[in-house]
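Student:
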């Protein structure tokens with residue numbers, strides 16, 4: 001999952017559950033805000049943090065991303081309509097990437113859907129879509145809940161990620177399947193994720209236990225933090241599009257050009273031969289037009 005563009009203006013950014021831990025680890029003390037949340041741009045140096053992520057392991061605060069728990073008998077169908085991710089095909093513990101599109105097929109955002117149980121899903125997006133989700137759930141047996149403030153999330157990246165998790169007493173999830181564990185009494189869910197081309201694991205746990213898990217990863221796992229500046233280099237290297245930087249959401253005020261999935265390099269996330277999803281009709285129309 002990719003962070004969206006940094007906020008242009010925020011008077012008083014909020015502290016993520018991991019802010020105190022990140023602040024104590026930040027020697028550079030260089031900060032920014034994403035979705036109204038404070039995040040460190042640099043902890044020690046961009047070079048050191050980049051090298052650690054590429055050759056060892058690094059941890060980062062993922063608390064600025066938008067997360068919704070979606071539950072109900074028709075939760076899978078709802079998510080396969082509101083996003084292009086194949087939610088009904090997912091087994092318990094599996095995740096899939098997708099997009100959120102407008103009715104004409106313009107890209108609004110990236111999306112990841114994880115199936116936690118038969119009727120419970122986790123939807124993660126770079127930016128918030130509360131109204132869209134609320135309207136889309138009308139008449140459907142599915143209930144969405146914004147859990148951004150209830151949970152904390154840490155990304156563990158790099159070739160030593162599995163060693164870090166093992167040393168911290170956590171189970172490494174499979175390549176495509178999530179896992180859960182109890183770490184010092186804290187219920188923790190782990191799921192495989194990608195940040196550009198860099199494979200990693202996302203740990204999600206109650207916000208009140210954020211410092212416990214962070215300290216466990218640092219002290220037992222010997223993992224250092226990585227800030228947004230080094231993460232941005234990794235993203236650029238992979239060619240992964242960043243919302244607000246490489247494309248502007250189709251519903252953003254003043255947007256004159258709607259970018260299709262193909263135009264941002266992600267046509268495989270919105271296949272036309274899949275079941276109906278919002279924006280599919282628009283993409284089919286675009287596909288019939290002469291170049």
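Residue numbers (the UniProt record's numbering): 1 to 291.
Glycine included, each C-beta is placed from N, C-alpha and C at the ideal position.
Return the chain-ordered ranges of every alpha helix (DSSP H) run that is complete within the region 116 to 173 and spans a minimum of 4 residues.
Tutor: 130 to 136 and 161 to 167, all fully within the region 116 to 173.
Student: Considering only residues of the same chain and omitting the five flanking positions on each side of residue 84, which have a CB-CB separation below 6 Å?
Tutor: Cβ within range, chain order: 98, 99, 269, 270 and 277.
Student: Can you tell me the Cα-Cα spacing of residue 7 and residue 232, whole angstroms?
Tutor: Using only the alpha carbons, I get a separation of about 15 Å.
Student: Between the Cα of residue 18 and the Cα atoms of 281, 49, 215 and 168, which residue gives the shortest distance?
Tutor: It is 215.
Student: Tell me whether residue 39 sits in a helix, a strand or coil according to DSSP, three-state version.
Tutor: Three-state result, residue 39: strand.
Student: Can you name, in chain order, every residue of its own chain whose Cβ lies under 7 Å from the Cβ of residue 37, other than the five neighbours on each side?
Tutor: Taken in chain order, the residues that qualify are 13, 14, 16, 63 and 64.
Student: In the DSSP assignment, what residue or residues form a beta bridge with residue 206?
Tutor: Residue 206 pairs with 151.
Student: Alpha carbon to alpha carbon, what distance is there between residue 138 and residue 144?
Tutor: Rounded to the nearest angstrom, the two C-alpha atoms are 11 Å apart.
Student: Near residue 239, which residues of its chain fall below 7 Å by C-beta distance, leaving aside the five closest residues on each side in sequence?
Tutor: 265, listed in sequence order.
Student: Report the start-end ranges of each alpha helix (DSSP H) in the region 223 to 283 that is 4 residues or longer and not cut off at the edges.
Tutor: As far as the region 223 to 283 is concerned, its whole alpha helix (DSSP H) runs of at least 4 residues are 228 to 238.
Student: Which residues does DSSP list as the beta-bridge partners of residue 26?
Tutor: BP columns for residue 26 are empty, so no partner.
Student: Are residue 117 and residue 191 touching if we call contact CB-CB under 8 Å?
Tutor: No.
Student: With 16 other CB atoms within 10 Å as the buried threshold, where does residue 124 fall?
Tutor: Buried is the call here.
Student: Along the chain, where does the beta strand (DSSP E) that runs through residue 2 open and close?
Tutor: Neither: residue 2 is in no beta strand (DSSP E) and is coded neither H nor E.
Student: Using a 10 Å radius around the Cβ and a threshold of 16 neighbouring Cβ atoms, would you call residue 273 buried or exposed?
Tutor: Counting Cβ neighbours within 10 Å, residue 273 comes out exposed, since fewer than 16 surround it.
Student: Roughly how many angstroms separate the alpha carbons of residue 135 and residue 169, rounded to a whole number?
Tutor: Their backbone Cα atoms lie some 41 Å apart in a straight line.
Student: Using the Cα positions of residue 133 and residue 146, report the straight-line distance between them to the nearest angstrom.
Tutor: So the two alpha carbons sit approximately 10 Å from each other.
Student: Looking at the ligand COA, does it come within less than 7 Å of residue 222, judged from the CB to the closest heavy atom?
Tutor: Of the ligands one can find in the structure shown there are none, so the ligand COA has no counterpart to examine.
Student: Where do the ends of the beta strand (DSSP E) carrying residue 79 lie?
Tutor: Run containing residue 79: none in the beta strand (DSSP E); it sits in the alpha helix (DSSP H), 75 to 82.
Student: Let me make sure I understand the geometry here. Which of 122, 107, 102 and 148 has the alpha-carbon closest to that of residue 92?
Tutor: The shortest Cα separation from residue 92 among 122, 107, 102 and 148 belongs to 122.
Student: In whole angstroms, give me the CA-to-CA distance for residue 30 and residue 10.
Tutor: Near 15 Å, if we compare the C-alpha coordinates of residue 10 and residue 30.
Student: Would you tell me roughly how many angstroms separate the C-alpha atoms of residue 196 and residue 1, rounded to the nearest one?
Tutor: So the two alpha carbons sit approximately 8 Å from each other.
Student: For residue 61, which beta-bridge partners are listed by DSSP?
Tutor: For residue 61, which the question treats as bridged, DSSP gives the partners 154.
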